[in-house]
Ligand code: UFG
């Protein structure tokens with residue numbers, strides 16, 4: 031029986047494929063390579079290049095393989111892009127999942143692990159945020175992920191498709207052995223951008239807002255290592271195989287770091303001065319996002335291993351030094 035990983039050539043997807051292969055799973059990857067890289071898919075996984083919205087393409091894969099479960103990463107995930115182009119997010123995130131679920135119903139595949147996000151909460155009412163807290167997204171990205179979560183709930187009721195929804199906080203770092211890393215084009219994420227400054231590929235880092243109601247005025251985020259996130263998917267699959275019930279889990283470290291603290295940590299590790307400028311707030315950014323992941327720890331047995339910020343940044347730094355152009359043009 032195989033696991034189908036939609037979006038398995040992306041940053042989090044590729045790290046999860048690696049963990050699945052280490053657990054001796056048969057892994058089928060589907061990716062349209064719009065944001066993913068061919069080079070990020072390990073040879074032992076079978077890669078199909080195409081879009082989950084192409085019904086015949088997806089059907090062929092379900093015909094060719096005995097799929098037991100789906101892990102679904104395939105989505106657009108940039109807050110600011112979603113504010114400027116919300117329909118792209120409804121198309122790829124909501125409609126994409128709808129197409130996938132239709133085929134799952136057709137082929138009687140009843141387990142899915144879904145990539146969701148802290149952006150479903152919007153401005154939090156409590157810190158740390160619990161899974162039961164209100165969800166009022168402040169941007170279309172979070173809204174489309176929340177809409178998809180609701181679609182999964184109704185699909186469970188109607189067709190018995192069981193889901194584990196994982197709400198990631200700020201995923202960071204690279205595989206600790208340097209096998210895989212983070213490569214976005216264009217890059218918009220804080221840590222890779224600061225590391226580009228450290229590599230002298232960029233002159234400075236813009237701090238989006240220093241007037242937030244936080245200790246140093248900059249936004250606070252809960253950073254979590256990508257391999258710890260990947261591990262949670264293995265545990266989520268185990269849960270679906272063992273007790274066949276649906277659930278939602280936050281995935282974070284429960285510790286917040288401000289933009290300025292992250293920059294200071296990169297300065298310390300790279301010995302680069304990292305020049306900064308203060309620029310206006312970025313639309314859709316909540317001031318503080320910190321997870322309570324107690325539920326995942328208790329119910330999934332999740333134990334994040336690379337929880338300190340220095341490990342996250344130094345693993346990313348090692349990969350960037352070796353891959354200053356990311357996976358490079360051959361990566362596609
Ligand atoms: N930031 C800057 N300057 C930059 C880039 C980012 O100040 O050049 C700030 C942002 O304003 C934010 C923080 O750094 O306060 C982190 O920004 P990222 O773009 O790295 O990450 P986001 O918090 O916007 O979003 C990420 C994922 C989302 C996910 C969210 C959940 O990209 O998919 O974490 O917390 F929803």
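Numbering (our numbering), first residue to last: 31 to 362.
Beta carbons are placed, not taken as given, at the ideal position from N, Cα and C, and that holds for glycine.
Just to confirm my understanding: we take residue i, look at its own chain, exclude 5 residues before and 5 after, and list those with CB closer than 7 Å. What are they?
| i | result |
| --- | --- |
| residue 362 | Annotation note: pLDDT 48 at residue 362 (below 50); position unreliable, no value reported. |
| residue 119 | 106, 112, 170, 171, 174 |
| residue 167 | 149, 150, 152, 173, 176 |
| residue 192 | 140, 141, 186, 270, 274, 275, 276 |
| residue 353 | 211 |
| residue 225 | 296, 346, 347, 350 |
| residue 220 | 289, 292 |
| residue 265 | 330, 331, 332 |
| residue 360 | Because the pLDDT of residue 360 is 45, which lies under 50, any placement of that residue in the model is unreliable, and the question is left without a value. |
| residue 235 | 223, 224, 227, 293, 304, 306 |
| residue 340 | 295, 299 |
| residue 163 | 151, 154, 155, 156 |
Name the DSSP beta bridge partners of residue i, please?
| i | result |
| --- | --- |
| residue 207 | Answer by DSSP bridge pairing: none, since residue 207 is not bridged. |
| residue 197 | 146, 280 |
| residue 152 | 166 |
| residue 141 | 192 |
| residue 34 | 58, 100 |
| residue 113 | Answer by DSSP bridge pairing: none, since residue 113 is not bridged. |
| residue 288 | 250 |
| residue 311 | Residue 311 is not bridged to any residue. |
| residue 78 | 60 |
| residue 255 | 202 |
| residue 319 | 251 |
| residue 306 | 235 |
| residue 159 | 321 |
Using 8 Å for Cβ pairs, my map puts residue i next to residue j. What's the rounded Cβ distance?
| i | j | result |
| --- | --- | --- |
| residue 135 | residue 189 | 5 Å |
| residue 182 | residue 133 | So it is not a contact: roughly 15 Å between Cβ atoms. |
| residue 258 | residue 357 | Not really, about 22 Å apart at Cβ, beyond 8 Å. |
| residue 144 | residue 178 | 7 Å |
| residue 83 | residue 53 | About 29 Å separates the two Cβ atoms, so there is no contact after all. |
| residue 393 | residue 322 | The requested residue 393 does not occur in the structure, where the chain is confined to residues 31 to 362. |
| residue 320 | residue 201 | Contact flag wrong, Cβ pair sits at about 15 Å. |
What do you reckon, is the C-beta of residue i under 8 Å from a heavy atom of ligand 1?
| i | result |
| --- | --- |
| residue 221 | yes |
| residue 87 | no |
| residue 211 | no |
| residue 168 | no |
| residue 171 | yes |
| residue 315 | yes |
| residue 126 | no |
| residue 36 | no |
| residue 75 | no |
| residue 215 | no |
| residue 249 | yes |
| residue 236 | yes |
| residue 326 | no |
| residue 323 | no |
| residue 239 | yes |
| residue 199 | yes |
| residue 252 | yes |
| residue 107 | yes |
| residue 256 | no |
| residue 289 | yes |
| residue 319 | yes |
| residue 174 | no |
| residue 104 | no |
| residue 39 | no |
Who are the near neighbours of residue i in its chain, counting only those whose CB is closer than 8 Å to its CB and skipping five residues on each side?
| i | result |
| --- | --- |
| residue 222 | 212, 214, 346, 350 |
| residue 231 | 354 |
| residue 47 | 35, 38, 57, 59, 71, 72, 75 |
| residue 262 | 196, 279, 281, 326, 330, 332 |
| residue 229 | 350, 351, 354 |
| residue 205 | 45, 48, 211, 256, 257, 345, 349 |
By Cβ distance below 6 Å, which residues in the same chain neighbour residue i in space, the five residues on each side in sequence not counted?
| i | result |
| --- | --- |
| residue 279 | 196, 325, 326 |
| residue 76 | 58 |
| residue 110 | 312 |
| residue 203 | 255, 256, 342, 345, 346 |
| residue 31 | 96, 98 |
| residue 242 | 249, 317 |
| residue 13 | Look at the range of the chain in this structure, 31 to 362, and you will see that residue 13 is not part of it. |
Verify the CB distance criterion: does residue i have a CB-CB separation below 9 Å to chain D?
| i | result |
| --- | --- |
| residue 163 | Of the chains in the structure shown, none is chain D; there is only one protein chain. |
Beta carbon of residue i: closer than 8 Å to some heavy atom of ligand 2?
| i | result |
| --- | --- |
| residue 115 | Summarising the ligand content, the structure contains ligand 1 and does not contain ligand 2. |
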